[in-house]
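Contents: one structure, followed by commentary.
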Amino acid sequence: MNGRIPIILISGYLGAGKTTLINHLLAADHGRRIAVLVNDFGAINIDAALISDQTENTISLTNGCVCCSITDDLGTALDALTLREELPDLVVLEASGVAEPSRLARHAGNWPGFELDAIITLLDAETVQLRAVNKFVGQLVKSQIEAADLLVLTKADLVSNETCEKLAGWIETLAPGVSVIMAEAGKVAPELIVGLPARSNLSQTMKEEPHEDNFSTSHWTPPGPIRKDNLIRKLEELPSSIHRVKGFFVDADTGEAVLLQRVGSRFSFEDAPTKAEVGFVMISAGSPDELERGMKILSSIVDVSPLHGPSVVHFN
Amino acid sequence: MSEITVFTARKIRTMNPSMPEASAVAVRDGQIIEVGTLQTMKPWLDAHPHRIDESFVDHVLMPGFIDPHLHPSLGAVLLSCHFITAMEWKLPDRTCAPVRSHEAYLARLKEIDEGIEDPAEPLITWGYHKIWHGAVDREAINAVSSTRPIFVWQRSFHEIIANDAAIDWMGLDRAELERHPQIELDSGRFFETGLSIAVKAMNLYLFEPDRFKNGLELVKKAVHYGGHTTIGEMAYPLLDDSAEWNFLGEAIERDDVPFRMQIIPRGALRGVWDGEIEDEVARVESYASRGSHRLIFGNGVKLFTDGGFFAELMQMQEPGFIDGHHGEWLMAPEMFEALARAFWNAGKRIHVHCTGDLGVELALDTLEMLQFERPRVNHRFTIEHFGVSTPEQVRRIADLGALVSANVYYVHELGEAYWQHSIGYERASQMARLGTLARHNVTTALHSDFTMAPALPLNSAWVAVNRIAESGAVIGPEERIDLDAAMRAITIDAAYVIGMEHEVGSIRAGKKADFTVLEADPWETPVENLKDIPIWGTVFEGQPFPIAK
Chain A
1 MNGRIPIILI SGYLGAGKTT LINHLLAADH GRRIAVLVND FGAINIDAAL
51 ISDQTENTIS LTNGCVCCSI TDDLGTALDA LTLREELPDL VVLEASGVAE
101 PSRLARHAGN WPGFELDAII TLLDAETVQL RAVNKFVGQL VKSQIEAADL
151 LVLTKADLVS NETCEKLAGW IETLAPGVSV IMAEAGKVAP ELIVGLPARS
201 NLSQTMKEEP HEDNFSTSHW TPPGPIRKDN LIRKLEELPS SIHRVKGFFV
251 DADTGEAVLL QRVGSRFSFE DAPTKAEVGF VMISAGSPDE LERGMKILSS
301 IVDVSPLHGP SVVHFN
Chain B
317 MSEITVFTAR KIRTMNPSMP EASAVAVRDG QIIEVGTLQT MKPWLDAHPH
367 RIDESFVDHV LMPGFIDPHL HPSLGAVLLS CHFITAMEWK LPDRTCAPVR
417 SHEAYLARLK EIDEGIEDPA EPLITWGYHK IWHGAVDREA INAVSSTRPI
467 FVWQRSFHEI IANDAAIDWM GLDRAELERH PQIELDSGRF FETGLSIAVK
517 AMNLYLFEPD RFKNGLELVK KAVHYGGHTT IGEMAYPLLD DSAEWNFLGE
567 AIERDDVPFR MQIIPRGALR GVWDGEIEDE VARVESYASR GSHRLIFGNG
617 VKLFTDGGFF AELMQMQEPG FIDGHHGEWL MAPEMFEALA RAFWNAGKRI
667 HVHCTGDLGV ELALDTLEML QFERPRVNHR FTIEHFGVST PEQVRRIADL
717 GALVSANVYY VHELGEAYWQ HSIGYERASQ MARLGTLARH NVTTALHSDF
767 TMAPALPLNS AWVAVNRIAE SGAVIGPEER IDLDAAMRAI TIDAAYVIGM
817 EHEVGSIRAG KKADFTVLEA DPWETPVENL KDIPIWGTVF EGQPFPIAK
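Chains A and B supply the protein sequences, listed in that same order. Each residue of the first sequence is one higher than the last, beginning at 1 in the working numbering. Each residue of the second sequence is one higher than the last, beginning at 317 in the working numbering.
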């Protein structure tokens, strides 16, 4: 663990539903201390009962989350977060509708004390294809799709299934292999956006599946140490509906505990705390079959990895 | 009523085509009473007390120069830095001799370092350019000083090179800097998104109140030094209205300040592009009742389409940039259109920042739509900057009745660099296509967007008539304009662009008695030397203000 605060970048052109998603995320019961940075503070709409404190540029919520306005400069807004009494678990950064997400991600994700977790791009199912051929914003809308680790198709309920399928095919040509979540308006299960708590006891989250919000999680406890290169090969084979994978495992080459985080097609390995309980969790909004298939792919790693050690490892 | 003062001059270039030349101008209470000769203005002089002021008998008077687009606050930051530049920079408090080799650069840096008494004071220098100064890196600056934080700020503002003392002074964990893809700690380079980390540290120093205030005094001098008597602050406020308004009042509304400033408000505040349109219109309208003698809120409003020209973030039509990167929009096109419509319907004069040809295209498509919805004549919709455009767009500009305010200095500073590294020769050599504008009779002003170009109208005019690039070669000769057009663009046409042509911009009865006093006549000077004509000073509302030697 390097102590940097992860940043999830929410990208998407005007009207894609970023504010709806953020309103939903802030009020949801996800057990995480999220700091949300927004451009349009006035559009934030939260049930007064959930607000514990409010100033000109900040709303504090009873669930520990906070929403701040990026009044002028992103760096200043990020610095301000590091000065808070309780550091956020993660930052959700709302990109302006015209931001090139890869440029913004380089800026925010390398700001001292922070790192990029994922770029999530929201697409308005009704308008995205028209926008993508617009002479002024076509390139931008395509860049937003291409830069994404996860895509959320909002207002999917407002178009026909056939249109949705065609859209998915078109998106696949721009962003091959990137997961696409279908959402009504901007309502997406928070777990799909922000993942699962990094330091929580994994076995707790493994109990519940499937979830009411139309996503499911699945878990697997590896029987022994795993080689990173084998794991990478398996990760690349996973179906695109597997949005996030997180796991603690023992590196077979070094004997050290490692944390894997995968969002969309991007993944990272970090040193894990020695008390971590080994195990992998997958989150998917696809069909249960695909989740099962994903688990099979991941667990087949034991066939190529030398087996040694107990099936559940505790590090002390 | 006061006595009439008659200024006689070797020649008066009135910029009024109905009487282009004169030898005397009568002034009373800051206003021009009559222009002509002592003989023709005799009836006025017989009827009223007067005196003849012959201080300018060896000089040439022109209407006070006008720069419709510059930014005093940004200028304040830059002018408080040390300049080491490949080109000569004439500043009110110093002339920076050209420095054109690696060795000379480091020697000059050493000299500046040794001239600063406090060994801990940061040294920020601006003007470094690899083509002229070679690779100046961390080690090279360490050799200048291992103790003083030194920041070398590249000419185009997009890269900073720091020595170890400067990196330590930022107070950041080196590991945080090392992992950044746009910071190279070995060479000390901070660029693109890495730049903001260095700038954040530098700002603590640059915006320190006394230093900033001193910088603004230098800007006031620079405005005077360039021969201006009217400027436009083309995007107000920079950050904070109430603080800035108080500050500007204090700094500019003073009897010893020889210029006035029209303030053009931003149509949407920085950072909150998604605000309610009606609120933005109401905010802009609310400024109108303010104002003082020298600070004027006119009928203008500023909007933005694409990104910065020096930053290569202009939006380009096909075939785009050589390296395939894309520009950016400063506000969403829909937002731009909605704001433009609201301000258009409110009868405002709309100024649009456009740098690339796709940015220009958006402005023109929007204007065409607004003209269809609710036709207006004499609307003075103005394209600001006008970096890259197409000939066809110029024709549309003319057809739609729009105006242009161009930063022609781009040609000199960036013409060759953008040929080699950005967009290729054809389009780079035609940036700021003033010749085409002239052929379509589009009213055109020149501006500096200071600090993007020197705040020297004669220098801008020199680029416009010569198109001499950095190396000395002429690029895009078809886009040169003649001297008359260039001089109009810093006087009467600049006044027209900011809706002040009835008050300033030419020398005729009834206008403000604002003059720029030149040591030579531009029409009798070889055009290659236009920028070198010495300026004696100005007359602002009848009162002479010599430039301190």
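The C-beta atom is built at its ideal place from N, Cα and C for all residues, glycine as well.
Residue i burial status per 10 Å Cβ neighbour count (16 or more: buried)
{"i": "residue 243/A", "result": "buried"}
{"i": "residue 803/B", "result": "buried"}
{"i": "residue 203/A", "result": "Since pLDDT at residue 203/A reaches only 48, below the 50 mark, its modelled position is unreliable, and no value is offered."}
{"i": "residue 350/B", "result": "buried"}
{"i": "residue 170/A", "result": "exposed"}
{"i": "residue 787/B", "result": "exposed"}
{"i": "residue 291/A", "result": "buried"}
{"i": "residue 757/B", "result": "exposed"}
{"i": "residue 558/B", "result": "exposed"}
{"i": "residue 628/B", "result": "buried"}
{"i": "residue 425/B", "result": "buried"}
{"i": "residue 447/B", "result": "exposed"}
Sequence-distant residues of the same chain with beta carbon closer than 6 Å to residue i, five excluded per side
{"i": "residue 811/B", "result": "382, 817, 820 and 821"}
{"i": "residue 832/B", "result": "378, 380, 381, 543 and 854"}
{"i": "residue 860/B", "result": "none"}
{"i": "residue 323/B", "result": "341, 369 and 372"}
{"i": "residue 514/B", "result": "476 and 506"}
{"i": "residue 794/B", "result": "751"}
Contact under 8 Å by Cβ, residue i with residue j
{"i": "residue 109/A", "j": "residue 7/A", "result": "yes"}
{"i": "residue 567/B", "j": "residue 532/B", "result": "yes"}
{"i": "residue 806/B", "j": "residue 751/B", "result": "no"}
{"i": "residue 259/A", "j": "residue 267/A", "result": "no"}
{"i": "residue 367/B", "j": "residue 321/B", "result": "yes"}
{"i": "residue 345/B", "j": "residue 317/B", "result": "yes"}
{"i": "residue 24/A", "j": "residue 191/A", "result": "no"}
{"i": "residue 173/A", "j": "residue 151/A", "result": "no"}
{"i": "residue 50/A", "j": "residue 58/A", "result": "no"}
{"i": "residue 826/B", "j": "residue 347/B", "result": "yes"}
{"i": "residue 141/A", "j": "residue 645/B", "result": "no"}
{"i": "residue 467/B", "j": "residue 438/B", "result": "yes"}
{"i": "residue 781/B", "j": "residue 799/B", "result": "yes"}
{"i": "residue 749/B", "j": "residue 790/B", "result": "no"}
{"i": "residue 564/B", "j": "residue 611/B", "result": "yes"}
{"i": "residue 721/B", "j": "residue 385/B", "result": "yes"}
{"i": "residue 26/A", "j": "residue 91/A", "result": "no"}
Close beta carbons around residue i, own chain, < 8 Å, minus the five adjacent residues each side
{"i": "residue 851/B", "result": "541, 542, 543, 774, 832, 833, 834, 835 and 863"}
{"i": "residue 337/B", "result": "327, 328, 329 and 330"}
{"i": "residue 231/A", "result": "249, 260 and 301"}
{"i": "residue 414/B", "result": "401, 402, 403 and 404"}
{"i": "residue 138/A", "result": "131 and 132"}
Cβ shell of residue i (< 7 Å), same chain only, five flanking positions each side left out
{"i": "residue 670/B", "result": "621, 622, 676, 679, 699, 700, 701 and 702"}
{"i": "residue 741/B", "result": "735"}
{"i": "residue 684/B", "result": "716"}
{"i": "residue 376/B", "result": "325, 326, 327, 329, 834, 836 and 837"}
{"i": "residue 849/B", "result": "774, 834, 835, 836, 838 and 841"}
{"i": "residue 828/B", "result": "346, 347, 819, 820 and 857"}
{"i": "residue 844/B", "result": "782"}
{"i": "residue 389/B", "result": "554"}
{"i": "residue 686/B", "result": "656, 657 and 660"}
Integer-rounded CB distance, given that residue j should sit under 8 Å from residue i
{"i": "residue 158/A", "j": "residue 125/A", "result": "7 Å"}
{"i": "residue 395/B", "j": "residue 535/B", "result": "6 Å"}
{"i": "residue 555/B", "j": "residue 72/A", "result": "6 Å"}
{"i": "residue 502/B", "j": "residue 454/B", "result": "7 Å"}
{"i": "residue 82/A", "j": "residue 113/A", "result": "5 Å"}
{"i": "residue 217/A", "j": "residue 145/A", "result": "About 26 Å separates the two Cβ atoms, so there is no contact after all."}
**Report entry** Start-end ranges of the beta strand (DSSP E) lying completely within the segment 379 to 437 of chain B, minimum 3 residues
**Finding:** Counting whole runs of 3 or more residues, the segment 379 to 437 of chain B contains the beta strand (DSSP E) stretches 381 to 386, 405 to 407 and 410 to 412.
Report task. Quick one: which unbroken alpha helix (DSSP H) runs of 4-plus residues sit fully inside the segment 795 to 850 of chain B? Chain order, please. Result -> 799 to 805 and 808 to 813
Requested in this report: Would you mind listing the alpha helix (DSSP H) stretches within the segment 666 to 752 of chain B that are 4+ residues and don't spill past its ends, in chain order?
Outcome: 673 to 689, 707 to 715, 725 to 737 and 741 to 745
Query raised in the report: Unbroken alpha helix (DSSP H) runs of length 4 or more, entirely within the segment 50 to 89 of chain A: which are they?
Result: 74 to 82
Query raised in the report: Can you list, in chain order, the stretches of the alpha helix (DSSP H) that have 4 or more residues and sit fully within the segment 518 to 547 of chain B?
Result: 525 to 541
Query raised in the report: Counting only runs that start and end within the segment 234 to 311 of chain A, where is the beta strand (DSSP E) found for 3 or more residues in a row?
Result: 242 to 250, 257 to 263, 266 to 271 and 279 to 284
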